[in-house]
Each structure stands twice: as structure tokens, then as C-alpha cells.
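What follows is a set of notes on a single structure, which appears directly below.
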Amino acid sequence: MDDNYILEIKGLQTCFYQEDKVYYAVDDVSFGIRRGEILGIVGESGCGKSVTALSVLRLISGKGKIKKGAIEFDGCDLTQIREEEMRKMRGRKIAMIFQDPMISLSPVYTVGAQIQEAILAHNKIPSKEAWRKAVEMLEKVGIPSPESRAKEYPHQMSGGMRQRVMIAMALSMDPKLLIADEPTTALDVTIQAQILDLIMQIRKERQMSVMLITHDLGVIAETADRVVVMYAGKVVESADVRTLFKNPSHPYTLGLMNALPRLDRECERLYTIKGTVPSPADLPQGCRYAGRCPLCEERCLKEQPELVKVGEDHEAACFFSKKTAELRRKMAAGDIRDSSGI
Amino acid sequence: GCGSAGIQVPERTLTKAQDTGVYKEAPDLAAKVESGELPPAEERLPEEPYVEQVESVGTYGGTIRRVYTGVSDWNSLNYIGARHELLVYVSQEGVAQPNLVESWEYQGDDNTTLVLKLHKGIKWSDGEPFTVDDILYDLGVRQSGNVPLEQNGLGAAVVSDGAKKIDDYTVELKLKEYYPIEYAATFEQPYAPEHYLKQFDPRYDDTKTWEDLTSAWCSYTNGKGLEDLPQLSPWKVSSYTDNGLIVAERNPYYWKVDQEGNQLPYVDTIEFKYVASTDSIPAMVAAGEIDFQVRNMQFSDYSYYKQNEEAGGYRALALSSSSLGPCIRLNYACEDLKLRELFRDLEFRKALSLGIDREAISDSLYFGLVEGWGACPLEVAPSYPGEEYAKMYTEYDPDTANEILDGLGLEDTNNDGIREIDGKPLTIVIDTEDGYGSGPVKGIELVAEHWRKLGIDAVVNTIERSLMLARWQDNSYTAYAWKLDGAVDPVRFNYAWADLSAPDYLWHNVGVPMQAWYHSDGKEGVEMPRFIQDINAKCVEALGATDDEKRAGYGKELSALVAENLFVIPTTTYMECGVVNAKLKNVPETWISGNEFCGEKHIHPWILYYEQ
Amino acid sequence: MWHRFKRHKVGMAGLIIFTVIMVLLVFAEFFAPYGESQTTRYASTPPQSIHIRGEDGKLHTPFVYGLESEFNLKTGEMTWTEDTSKRYPLKLFIKGEPYRILGMKFDLHFIGAEGGDFFLFGTNSIGQDVFSRVLYGGRISIIIAFITAVITLFLGTLAGMISGYFQGAADMVIQRIVELFLIIPNVPLGLALAAFLPADMSPVILMLGVALVLSVVSWGNVARQVRGKTLAARESGYVRAAVSMGASTPRILFRHILPSLNSHLIVLATLTIPQTILAESGLSFLGFGLRPPMTSWGTLLKEAQNFRVIALYPWIMIPGLAIMLTVLSLNFIGDALRDATDPYSRGQ
Amino acid sequence: MSGGTALLEVKNLKKYYPVKSKLSRKLLGQVKAVDGISFSIQPGEVLGLVGESGCGKSTAGCTVLRLENATSGEVWFEGQEILSMDKRMLKDIRKNMQMVFQDSYSCMNPKMTIQEIIREPLVIYKMPRREQNEKIGRLLELVGLTREQGGRYPHELSGGQRQRAGIARALALEPKLIIADEPVSALDVSIQAQIINLMADLKKELGLGYLFIAHDLSVVKHISDRIAVMYLGKIVEQCEKKELYASPLHPYTVSLLNAVPIPDPEIKKERILLEGDLPSPIDPPSGCRFHPRCSGAKECCRISEPQLREVTPGHFAACHFAGGNVSETVSEAVSEPGEV
Amino acid sequence: MKSYFVRRLGVAVITFFLASILIFFIIQLPPGDFVTYAISQSGDSAGSAQVAEKMRQQYGLDRPVYEQYFRWIGGVVRGDLGYSFLYKKPVMELIKSEFLWTVIITGISFVLAWAAGMFIGIYSALHKYSIGDHVFTFLGFLGLSIPPFFLALILIYLLISSGYGIAGGLFSSQFVNAPWSLEKVMDLMKHIWIPIAAISLSNITEVMRIMRGSMIEVMSQPYIMTARAKGLKKHRVIIRHAVRIAMNPLISLAGLLAPKLISGIVVTAVVLNLPVMGPTFIQALKSQDMYLAGAYLLLTVILLLAGNLIADLALGWSDPRIRLDSK
Ligand SMILES: Nc1ncnc2c1ncn2[C@@H]1O[C@H](COP(=O)(O)OP(=O)(O)OP(=O)(O)O)[C@@H](O)[C@H]1O
Ligand SMILES: Nc1ncnc2c1ncn2[C@@H]1O[C@H](COP(=O)(O)OP(=O)(O)OP(=O)(O)O)[C@@H](O)[C@H]1O
Ligand SMILES: [Mg+2]
Ligand SMILES: [Mg+2]
Ligand code: NI
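Chains as they are written, first to last, in this note's numbering: chain A, 172 to 513; chain B, 960 to 1571; chain C, 988 to 1335; chain D, 225 to 564; chain E, 7 to 333.
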């Protein structure tokens, strides 16, 4: 194992059972996170980003199960260890910030108490001290007058503040890896900017690795070092952030990038990707993006493309990754309005 | 002895002691005598105590455990002998026998002067002597109307201010009309401990009110006051908790001894456990928690009791009753004139009676142990008029019944299975209570079902007893079912067998309008049917007879009139069941039970004892 | 909706059981071998066993033996022996006790023993066939329970919705009324009614009356719960959306808020029904309620609730089983119905 | 602003929510969710309304539609005053003024299919049954949904599809004005693009007027003609779209523009982060409401409240320093994105 | 908070008075009065109308109804619940010890039922659709169709036929009036578990079902995930985070439990012969002992009102969102 990586996911398959059907929300996903790196994971809603994150923490609930694959964290395979050991891992080594800060905090305990609880779960220190530390953490994430705020309940705080509490909680355990699952999706732009700034700052301070999940390429561009693009349970492209934006090799990545309204550019109409993500219950046989892809050919409908290296630290799962560049140029010229254009 | 349906009934008469020897007493009393708390037995007992001839002389000790159903169940105390002692007893034949009153004599042409002579030397449970002052005090207060006491029995029959005290043990009472002494042998107690009650009497102590006196006297309830109220009974309540345990302990001054001079009673204490519902009795019996009980038991449980005799260590009793099974009393003054007319028609009543399958009732509810019986006294009774009356209209003959009904023009015109009267369905609502007055409700349901087979829409209306009374009072009832008390002495129980009661006497047979008619000589109310007038007339005659022989004769005629006119629609004889601890001795095999003989008191509970 | 319901296996089982019960009850006259309160000479007989092998060792069509009873004075036991000398074959569609439907007289019964008696569930203390009474009683119980459930749910839902939707003064007034109704003690109310209502009321009116009384004391509870739910639904986006389109208040109440209550109402309905069946027996215990010849599961169960029945005549408790079966099947139907009407569970 | 010819004209609209403690019912204060805003929309025009979460955008939208009762102010729709109108007339107005709700999920009855949901307004306005079906078909097509999707329940659609259904519902009555409350904020970029395009198309085809509410200036940009920026219940800036992006006058607008992430890692811009959260609308800061978070705040900002004034023709702003004397930091920040 | 309490109390007082009128009216509805009852009970040869009149006078039953009401409620306000005609003593004195026993028995039963119900509910929710869950659901519905007193009866029957020898009640008779001692306590223990078992068994179902539903809902909430992600121990997640919130609907239910403290045991008490208020109440109603019946009903009303008030306060305490929600 590469010592550079704090987390390596290899061939992860996570499935859900529904009645008598099985479907794979995450299907053969592999990627790694280096120490001190911010890895961005992007993809449309429902493509398996959260499930991947939850798989790492072994928190798949309900009728879900990790079917296959290894998740190696700091040298040990998380899929193999006992639940009790896993429990000790959670929070202490790998902390997670959940998608929806409005409902991810227990409504009946003060935020201070919730952070304190997290600290006490992993440290044998007096509860007074844990409280002090909780207040300290709140201060660190930029909550004004943390002493009194710590005694407030989540519903008394704004969304941005709650998200900061979540971050404070995650950081209070001093984890090596922070998984931030769409930490800003529910927030408005100004607060989003604050939160992202906070994460970057802390990453710098603590040399922490971050897995940043989002569907907003803008966020990725501003914060991530490396990017993994997921589509319908699969990784379709992964690259260094600059490479990705400069030279996207999968038409889906390209689509996402173009669909984003941009302040800095003028255009009449926004580019759209036609159709929707296929339901994980009935996935197409070939390339999962085939139905929406402007480059789709016969082969795509039959065969599943593998993730192949297309450049330095750059992989893509497309038979026509070369053609993508051409497509990109066309789009930039404004010839193509949506993915059905070719 | 005399018997009915093969049941042996023991005779228990009291004779005065022949010679006064040394009395023996219970060990606890002896200890108290020793310590000076109590005077010796000779001083406590009368000079000539009553001697009870017992089958086997008993030993002292033990507790009889019973149940009672709450404050209104005061007869539970009375029936076992923890309250009330009777002036006189009646034998199975209804003949008066001395008890507190040693002898009595009627004087005057119309027998309206009664001279009572008390047994000398009887003491209250606190040691004070029992004298005629206690009778006079009771009658005085009762008639003053200041204390809500029952105004019936002797208390009502006596002319106020007409009493004359002759000496401490003799009193002369002036009666409004002839009042046979044996009538005093039921529940009432026309005497009270004057020496004790005086302290609550506003006439003696002006800090007291009549309410104080009432609560100390507690005539209607057996409340806490019973702990202090002196009694003449074999046991006396010593501790009382509402809806809890009542404990009655031996009365050290009880004035009866056995043939060997042992002061009675043998058993130390009686315990009454409160049950909120009689439904819980079977469990208690099976658990061996009841030693002797007939009151409040349901005959339908007999089979269960019998089968668990061994496990519970008791003997199950099936006792003939001095009452007849529930009879249906039609409202002859029914507000519905059509029904009234119909009810007054003997033919209709015949049809109703013939339509009841009495054997089915007996088989279903009494394991075949009772028999169909007309509105007629039991065979044991002096006024039994003979088999033909006992069996009159009691055979099941639905064909004849239907014929009669058809003949009366009651036809099912709209073919719905119910006969119509004047275009309306012929409906008879039978009020019953789910208690003891109406007998088992199931019995009435059977009757109703049998009548429905005749095309009569009989509805059983099971309600609270007080609601029945309310419906009776405002004459809104059609019919009601009630057991027929007094199957041994119908003359004494004339409120059930005839109807001479004034309208202000509540809860009597024929209803307010006809009572009003009778007592206003026809000026008010509703006219009584001819046959009730006849029955009443016969009853008046019977009541006037001082001679036993004559009285029995009148009684027979009265009974015959009731039976042939179907004054009430009769069903069957009646049975009660009970349990008695297998170790309790001096309990007869069986006896006639019932209100007429004050329930369990009839077998003299004070002679019962536990086998060592 | 139906095809989704069909997929719910337990729900379907419930529906089938319930339908069978309903058919039996609706045509009680036909299925019951005896009349509603018809008495026979056989009191407290245990359920009769059905034989196919006779004394002679040969196989026959199913038949029963005649019964002979004997009361043993010594042991107090009532023993029923089969009189094996006579066989009474069981027949379908047999002539028996006549009954009337809509004024017409019939005498055909579903099942019976030819020439003898047939007590599938035994008889009660006055010789009535328990099986027949379970059928007749069930019909009345179910009618009362359904009327009560309908009135309770209707009143409760209406009051609750109005209260929750309009809030303010209407809410205040309705809630106080509801509180008072919640306070109404049904025991004394039953006693009072027992005294006031004419004893010879027609069965139909009596049944309605019982249902009404039971509803009066239970609608308040429903109103409370519905109000709470309405308060929440009122604030929901889709109600707002409807308002923005200019929908009228009744439309909002019935088209939008009501459907959002229905899974809760289904639960309430499945709970109301057993409660009503049992409460009805409580009323008749107080003297207000059904009187013989009418019977109901409640009153039948009431008869069973004593010691001697448990000890000696356990078959009298069979109506309890009938209640249980009905309640369980209704509950399963309710579960399935809830799933079927719940759009979220579609396609799963 | 022009008078009678405007499609919608809002004058000094205020909406205060009383805040009562739940237990004691004591009035704790008032949330001044909308505190005196004025704007107008011409037929076929799109007014973008942007601002931070909680600044009162939705409230403004709802109050205009009288889904909330305004505290004071006037709303004129085609020359008729709405706020004082009686209920029956309101129904006719509502026909012409529809809303697309912020949360497409919760504003659809989960127990109704999409078709039924779209049918709802047609039933309310008593369109014959046959026409209804026809119309629904056309509407579904218009917003790019299939008939089959029309038969599904809301939760069975993707967020984008649901939002389209919401638009279809709003269009059903052929309104003249649509108030779209953050129709895309909760959506994925790919779907977001679809919706924005759709709405732009409809505007062109049907000549609709929009009040387009959002918190993201980059989104509003693609559809609006004019943009109004709200902060804490007040409009702080309002002007033509181009003008706003080119030369924002209010520091809040500047920071809002700045906060939008740019999907290009090559551009590493200097962020001017707004400090702290939106202050409480119960107890707004004195003077300029933005001053506690404004890097260029001066003493005067704390004391006096700036009025919305026409700084350059057609460009309104409520800042003491707007126009001639914009502070340096502000102008620097503004120039940044423009370079690209 | 304080003013809310005062307001609620005010409303409760008004409700209480309205309820008292209603109660009085309903108790008075049946024809006749206590005197009718007394006479109907005094055997076949009853008292005369004159006695009845006298009794009515003494009890004040001859006054107009409204006057009787005001006398009664006036007394109630001063803490005097009136006088029991039947028991001839102040109602207060009569129900004191019964009230205590009622609260003890039903109280313990409810606590047990709730503990068990919650436990089973939690188990069922965590093991949804497992065999255990199905079994408990089935048993729960059985429990719903068997009234508690029937359960008590069957229990007693089983005990007696197995020779346990206890037929109900709280004490063997030798201990009923005995002063407290170790033996008496032991004797009490031998008896008291029977009603407690019967009452709690039949009360488990509701709690169990509600708890199950609520738990299932809560367990899928994101904050549970958060708690787990913190690395908390499983039982801590369940108890502190899930149960704490899942209990909420039970709190409002508990408010309605207060009046059930009295009414939940009536028929069971009759069957089991318990010295609690229920049987006395039934008796009072039947005998039209109106002040006694009235006192019982008033007590129920007070418990209902108090229960609801406490439940609302508890709800506020348990869910801080309710306390300060400004909406
Ligand atoms: N507990 C679950 N049970 C069943 N299916 C699930 C569960 N959790 C997730 N899924 C399914 O797995 C797939 C991937 O979901 P996931 O939450 O990972 O998406 P996502 O990429 O995080 O999307 P979003 O951007 O909306 O958060 C979806 O189709 C979802 O329906
Ligand atoms: N019913 C209400 N009662 C009290 N305050 C309210 C109510 N509705 C909204 N508010 C408050 O009014 C302010 C404005 O809310 P509004 O929903 O209009 O904001 P918004 O700009 O639409 O925000 P978002 O972008 O989050 O939708 C907020 O502070 C909010 O808390
Ligand atoms: Mg996700
Ligand atoms: Mg909003
Ligand atoms: Ni004799």
C-alpha cells in the first residue's frame, strides 16, 4: 500500500435490498485520498456519493450492505475489523459532516453537550474539561460568544451556524480524515463561502485529509486538490483539479462543467444534460451514461468502459475520451446547447 | 320435622334451663374474668338462661369467614347473628316461639292490646340490662319522626303514646289493629339500647342533634358506629372498615347456653370480607377463604362448588328456599289501557302461564333440582292448599296457550311472528334486576323466550333495583319479575300475596294507582280487578284470626285464590346454594333457607363449632 | 390501489378472513342452525364432536350423535354422554327453524343435523346454540362498531379539521367542547340513559342509540388527534400552494388535508372497532344497551366473564375468539390499506 | 417607475411577524421580514430578487400573492389593488398570478399524482373535464414531461422533474405573472440548467412576467432583465442586470457576487468573506442594516439609515457611499471577476 | 413559562367548573335519588313515603337542583367533597385510603407496563419484521381484545387450580386490620402482583405500538447517524439519542394516563376485590350516592386536566424546540 494514501478504496460495492431486488448504489468504486489532501467527489444527486462516504464509516443503514471491496485506512481494512473497533475509528480517526445540517443535530441536546459527548466518547477526561474543549472548538469554527452559544439548542441557530457546529464536532475529535458530505448544499452562497473557507483553513492547520462531496463544480474548483467524478454508482473520471477542468476526459464531467451558470461568462442559454440519472434499480447494460451522452455509439450501449489512465494522475472511463476534448471546443464556441446536440 | 322434596328440616326450639349449674365459658372470657375485666359467667347470664339442645357439644374457638357486598348488605351481619336479636322466632310452620320475649298475650275484643313479657336478666353486650325501656325508647323515637327509621312492623302497628310500662320486663302496647307477633320475627328490631343512645339524644343533651342520634343508631347502615352500639346478638361488631373487613367478636353477655352449660356461641369471631361483586365469591370459595355462606351465593355456581369441595375443604349446600322462583307480576293498572284490559283477563294469564316451559328452566338453571310450581305455598306450609293448586297451570302446553291467545283475538296480522294488539305488537317489558330480587336473569330470559314462541314480544329489561322502584313508583312499568317470598306463610307476607299496603308504603305488589284506589275506598286511583279485591278480603280475614288452626284455614283459601287467579305468573320453586367449612359441626344436612327464616340464622350459627 | 393491496399478503389474508366473517354474519339466519335467541333443551353442552366413523366401525358422511345429560348429585357434575345408538348425519341446506327476511319466511339453513341437534360451539346456560349466537351477535356488534366508527371518525375529523384549520376562536370553542365531551363519564351516562329510554324501543333504534352513545364519548379523542395533524398539514407547502391557486376552504380541507390524515384515520378506525365491541358490553352491563333477544359479541363475552365459565364451560368464551379474529383481520386490512394508499410504498 | 401600465407594482410593502413565546404567548418582538420594499414588473419582464437566506425574499413573494397578510403597503396588479380586495375578486386575480414554490417537494400533495396536481387549478376554475385533459397534456409537453410521468406521484420524480411539474401547475391557468421562489436552489447543476432554460423559453413564448427569487447571483443572471438585491427585509440595490454585474454599487451586492464560486481552479480569487451571519430581523442593527458586516462601514453608517436612491439613471442603491464616493476596497473587489 | 402556567391553570379552572356542572347534571339524570335506592334495598317490606320525605329533607335532596349544585360546588371549593349518604360519612374520609391504594396499584402497573411496552417497542423497532417483532405484534392485538378484568379472572383461575390459594384482594384476612409488619408486607406481595400483572399486561400494547412506530421513525433520522458517526456506543445512541426523542408521543399519551389511574382499574378491582376507588364508585352510582360519585368524577377531571397540563409542560421540557419555538 502506498504510504502516501491515508484512505484507499478498492473495488467497493455497496448494495441495497428492496423486496426481492438488489441494486448497487456503489458499484466497483476505487480511489484514494492522500495525506493532507482535499479530495473532491462530484456527481449528480443519487449517484452514490453519500453511500460511498457512509461505506467508509460502515454506517450503511437499513437494508444496505457492503458487498465487496476493501477500504484501507491507515493500513487496516475497515471492512474486516470488528464493530467495536470500527466504533472507535468513527469520530476519532474519521469524522463526518452530514449533508443536512438542519436535521443532523439532535434537537433535544444543546450543541455544547453534543460536542462534549463526542469528545468524551474517545477521551477519558473529566466532563468539565470536555465542555471547555467543546467551547474552544466552537470558537475555533468562528461562532461568536461560544460560551453562551454552547448552551443553545440547534433550532436556535441558523443553518450556517449549525453546519459550523457539525464541523466543530467533527474536529473536536481531531480526526485524520474528515468526510464532508455536501456541507454547503443547503446553505446560501455567502455562508457557503464561509464554510468552505473554514474547512480549508483547518485542513492547513491540522494537516487533515478531507473528502469533500458536492455536486457543485464551482466549490470543487475553489477547494479541492484532486477530484473524483461519479456517475450512477461508478467513478467515471478522476484527476488533479486543474487537469480536470482544463482537460475533462469524460463527457459527463464536461456536461456538468457546462451546465453551471457562470458569473464570469456570458451565454444566452445554459447547457443542459438531457434526461436524468438512470435509477439504480434498472441500469443500462453498457455505459451508464450512454443514454445521455452526445458521444454515444453502438459500443457504449453494450460494453461497460473501464477506468483507464488518460494522463498523468488522470483516469477516465470512456471509450472516446479523446473525442471529449473536441466536444469541449465545440461547446466553448457555443455550437451546442445540450447533450442531444450531436 | 317436616319436609319438602325430601329435604330434612331440623327443629330448634328453645327451652328454659331446668336447673342452674355452673356455666362454662370461652377461654378468652375466662381470662378476662380472671383479670377482673369481666364479671363471672353467672353474673353475666340471666338467672335462667336459654338452653340450646345441640346435637354435639362443641369446643370454643375459631373464626367463621364470610363475605358481604357493602354497606347496603346489612342483612349479612344480621343473618349470621352479629346484629339484631329477634323478639320471637318462628318455626318452619310459621308459629311464633319465644326468644327475647318470653311470652305475649293479646287482650281486648279485637286483640288490639298486646302485653309483652321479656325474658328476665338478658344483658346488652356492655353488661347493661335489657328492659322494656329499650322497647319504649325505640318506639318513641321511631314515631317522633325525628330519626329516619323504618315505620313498619311493630313500630308502625303501635298507637303512639299507647304504650304502658308495667314493670321492667312487662309492657302493654296499644295496637292500631291486630298485629300477629310472629310478624316481628323478620328483620326488624323494635328496641334499642336506651342507656347508650341517650348520650346522643338531643332531648337529653342539647349539644346533640337528631343527626348525631341517627348516626349512632345507624339503622340503615352498619357503619363504624356498630363498634360502639351495644347488641344482644351472639357476636358483636368489634372492628369495622368501610369496604374492608368487618370483625364481630363473641358477645360476653350472650344469654344462651348449651345443654351442658357452655355459654354460647362456640366460635370466637365472625369475619366479613368485603366483595365488590358477588362474581368474586367462587374464587374465594375455591381458595378456601369462606367458611359459611349462603347469602349472596348464586345457584348457577353450585356445580362448580360441588366439584371443588375437596380442594376447598368445604361442603357445598343445595338448599330449598322459602321463596318461590321469580314470578312475573303484570301491571294491572298499566297505562296502556289495552294491555291493562288484557292483563286483567284470566284467560290471557293462563296462556302466559301455560306457555312457560318450567322443566327447561329447572334443567337449565337448577340442574333439574326445582319443579314447576304454581302461585302456591310450599308443601311444608300450614296454608298449603294441595297439589292441584301447586301444579295449576304449570304444565307446558303451548298449543292451548296459542289457542287461548288466538281466541282472545290476538293475531299476528302482519305475519312478523309477533301477535298484534290493536295493530301494535303485543309487547311485554319485564323489568328485572341482576341481583337477588329477580332470581337469575337467565331464568327470566328463558320465560321471555318461551313467550316469544307464543308470538308475544317479551323484552327483558335488566336494570338497577332502584330504577325498577322508580319505574314502579310512577307506574311506567308493564311487568316485573320478582321472587315470591312467603311461600311458607303467605299471610305474613301479605304484601306479596295480597295487597293491603297503603300507597305511601313503597315497593309493593300491585302498584301505586290500585293501592290508592283501595285505601281511598275507590275515590282515587285505578280500580283493582275483582280477584285482587277477593284476595285482599280473604287476607284481611286471615290476619284477624288469632287461632293458628283458623289462620291456616284462611291461609289455604287465600293461597287457592292466588293460585287459581294467577295473581302472579309463577315459574318454579327455588333453590339457594351455599358452602360450609367441612370442619364446622352442628350444621344440618340441609334446611329451608330464605328471608322468611332470616337466612343462615335459621340454623342457629352460635351452636356451630370447629372440629378439633 | 387494489392491485397494490393485493400484493400485501397478510392484508389479503385479513381481507379474506374478514369477508368470510362478514358473509357469515350478514346471512346469519341462513348460516346459523338456530334462531337468534332460540333455546333448546340442551343447556351448557360442550361443542359436539363430529364423527365420520360410526360405532359399527364403518365410515359415514359426517354425523353427530344425540346427547344425553345427567346431573350427578354426588359430584355436582353435569355429564353429557353421546347416545351412540342414533346417528344424525350433518346435511347442508337443511330445513330448520323458520326465519323471516324482509317479511318472507324461509326455513333453509346452511348446515344442520338431520333429525337431531347440532351444536358446533356447544350451548350456553339456557340452551342457546353458541355458534348461532356468535353469528347473530357478531352482526349487531359489527353494525354498531361500524356506525360508531363512522360517526366518531366523521365528527372527530370534521371538528378536528375545522379546529385545526381555522384556529382562533373556532379552535378555542371546539376544543373546549371536545374537552367537555372527553370528560363525560360514560358509566353514569349509560345509567342515566338506561333509565330514560323506553324499554321497548325497536331494536334498530336501540342499536343506533348504543352507537350514538359510544360515539359521543369517543369522538373527542379523534378530534384532538386530527386537530394536531391538521395544524401540521395546514402549514405544509401544498396547502399553501392550493391557497395560492385560489382553492376554496372546503376544497383545501377535503381534497388536501383529509387525504393526509387517512393513514392515521385508518389506524384510529382499526382501534375504534375492537374498543366499541368491548365498550358495548360495558353499556349493556349498566342496563343501557341491547336486550335479549338481541345479542352482541360484547354481551356474549360478558356472559363468559365469570369463574364457572372458565372452569366448567370454556366454550362460552368462543365469542372472544371471534372478536379477536375480526380485530386481527381488520388490523391487517388496515395495515395493507395504509400501505396501499401510501404513494411512498408504491412500486416497492 | 411607471404607473398604471405595470403588470405588478409593489409599494412600500411591509410584513412583520409577531414573535410570541410559545408558552407564555407574550409578544417578544416583531420579525420585520419585509420592511418596506417597492418594485414593479412590466409585462414580459423578469425581475430577479436575490439576497441571503432569511432576508425576506419568500415572504415578499407570499405577501404579494396574499398568501400572507401584509402588515402595510400596496400591491397593484394590472391596476387593481390586491391587499384590500375581497376574497372573491382575489380568486380572479390569482388566476393571473401564480407561484412556483421554493420546495417543489413539500408543495405538492404527496397523495396526488402529478396530473391531479396540475389539474387542481383547472378544477378550481371550473374548466370542463375534456378540456382539462387536453390542457394537461399540453402542459406536460411544454415543460418536458411525459404522460407516463404525469401519472406518477411527486416522490417518484426527480427534483428537476418535480420542479417542472410545479411550473406546469403554475402555467395551467395561463397567468401573466409567475412568482418563482428559488425554483432551482435545491437542485443539481444539471437540472438547474434545464429549469432555467425552460423558464427562459416560456418567458419568450408566452410573454410571462416573472418575479424570480434566488440567492445565487449567477443563476439569476441568466434569466432576469432587472435585479433587486435584498438585505434584511429591505431592497438595497436595484437596476438592470448588466449594470449590476458590471458596476455593483452596494457593498452587500459586491460580497454576494464575490461569494459565488467560480468553476475554474485557475482563478484563485481573493475572497472577501462576510463576517458573521445575517443579523436577527427581530432586532435589526441601527443605521445601515449592513454595517456590522460591511468592511467599508463608517461612523455614519451606524447612525443613519441610507435610503434607496437613484445613483445613476435606473440604478438604485441604498448606501451612503454609493455612486461617487465608493470606498476603495469595495471597488477593488468589484473589478476582480470582471478581469476574466 | 410562569405566565403560561397561570394561563393554562386559568383555563383549567373554567373547564373544571363546566365539567362539574356537566357531572352534576349527568349524575342527577337517572330518576329517583339516594332515598329511592335506600328504600329499594331495605327488603320487601319497605319504609313509608313519610320516612322517604324525612330522609330527603335530611340530605337536602328536596331542594332545587341548582341549589344542591351550588351547595356542593361551594363545599368542593372549600375542600369539602360533601357527604356520602350511603356510608354516612364525609366523602373525603372515605376515599382517602382507597385513593392511595388505587394510585399505588395502577401506578406500579403503569410504570411496569410502560417500561415493558417501551422495551418491547424499542426491541421491535430495532428488529423490524423479525420473528420477535411479529410475535409481539400478534400478542399485542390479542391483548387489545381481552379486557384486563377478564385477564385477571383467568389468572386467578389458573392460580387457584394450581393451588396458589389466593382469590384476589390485597391481604389475607388476618392482615387486613393488622398493623404494618414484615409479615404483612410479605402477604401484600403475595397478593398485589396479580392485579398489577393483569393491568400492566393489558396496557402494554398501546405503549408498545406507539413506541415501535416512533422509534422506527426516529432511527432513520440523520441525527442518529451523526451520533453513530461520533463513535458513540450503540446503547448510548439508542437510549440517549433515539429513545429520548421517540418518547415524545408517549408523553402526550401519559397525560391522558392520569385519569386512567382511577378509571383503568374499576372493573378489574371489582373482579379482584381490591380496596380501591373503582368499586366504591360503581356502588355510589348505582345507589345514587351523588356526592360520592361526584367526588370520584371530579377527581378524574382534575387528574385529566392536571395530566394534560403536566404532559404539555413535560413536552416542553423534553423537546426544547417546543419551548422556544416562536412560530
Ligand atoms: N438507506 C438506503 N436504502 C435504499 N437505498 C438507498 C439508501 N441510501 C441510499 N440509497 C440509494 O442509493 C443511491 C445513491 O444514493 P446516495 O445517497 O449515495 O446519493 P448521493 O450521490 O449522495 O446524492 P445526493 O447528492 O442527493 O446526496 C440512490 O439511488 C439512493 O436511492
Ligand atoms: N410565519 C413566520 N413567523 C415568523 N417569522 C417568519 C415567518 N415566516 C418567515 N419568518 C421570518 O422572516 C424572515 C424572512 O423569511 P423568508 O422565508 O422570507 O426568507 P427568504 O429570504 O425566503 O430565505 P430563504 O432563502 O432561506 O428562503 C426570516 O427571518 C424568517 O425567520
Ligand atoms: Mg448525498
Ligand atoms: Mg425563501
Ligand atoms: Ni316440620
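Just so you know, even glycine gets a beta-carbon here, dropped at the ideal spot from N, CA and C. Treat the numbers as computed from the prediction; the structure is a model and nothing was measured.
For chain D, is any of its Cβ atoms less than 8 Å away from the one on residue i?
i, result
"PHE491 of chain A", "no"
Start and end of the beta strand (DSSP E) containing residue i?
i, result
"ARG450 of chain D", "450-455"
"TRP1194 of chain B", "1194-1199"
"HIS539 of chain D", "539-541"
"CYS463 of chain D", "458-464"
"HIS485 of chain A", "485-487"
"HIS326 of chain A", "That residue, HIS326 of chain A, is in no beta strand (DSSP E); it is neither H nor E in DSSP."
"GLU1208 of chain B", "1204-1209"
Quick one: does residue i have its CB under 8 Å from some CB of chain C?
i, result
"SER382 of chain D", "no"
"TYR1261 of chain B", "yes"
"PHE325 of chain D", "yes"
Just the Cα atoms here: how many angstroms apart are residue i and residue j?
i, j, result
"VAL481 of chain A", "SER382 of chain D", "33 Å"
"LEU1045 of chain B", "ALA204 of chain E", "46 Å"
"ASP1238 of chain B", "TRP1441 of chain B", "21 Å"
"ALA320 of chain E", "TYR302 of chain E", "26 Å"
"ILE1585 of chain B", "THR1026 of chain C", "Residue 1585 of chain B falls outside the range modelled here, since chain B spans only 960 to 1571, and no answer is possible."
Kindly indicate the opening and closing residues of the alpha helix (DSSP H) around residue i.
i, result
"ARG77 of chain E", "71-83"
"CYS286 of chain D", "281-288"
"TYR1086 of chain C", "Not the alpha helix (DSSP H): TYR1086 of chain C falls in the beta strand (DSSP E), residues 1064-1088."
"HIS140 of chain E", "137-151"
"TYR129 of chain E", "97-132"
Using a Cβ-Cβ distance cut-off of 8 Å, determine whether residue i contacts chain E.
i, result
"PRO1261 of chain C", "yes"
Counting only C-beta atoms, is residue i closer than 8 Å to chain B at any point?
i, result
"LEU164 of chain E", "no"
Less than 8 Å between the CB atoms is what I'm expecting for residue i and residue j, so what's the real figure, rounded?
i, j, result
"LYS1232 of chain B", "VAL1539 of chain B", "With 8 Å as the limit, LYS1232 of chain B and VAL1539 of chain B do not qualify as a contact, their Cβ atoms being about 16 Å apart."
- Message: Would the segment 1062-1073 of chain B count as touching the segment 1215-1224 of chain B if we require 3 or more Cβ pairs under 8 Å?
- Response: no
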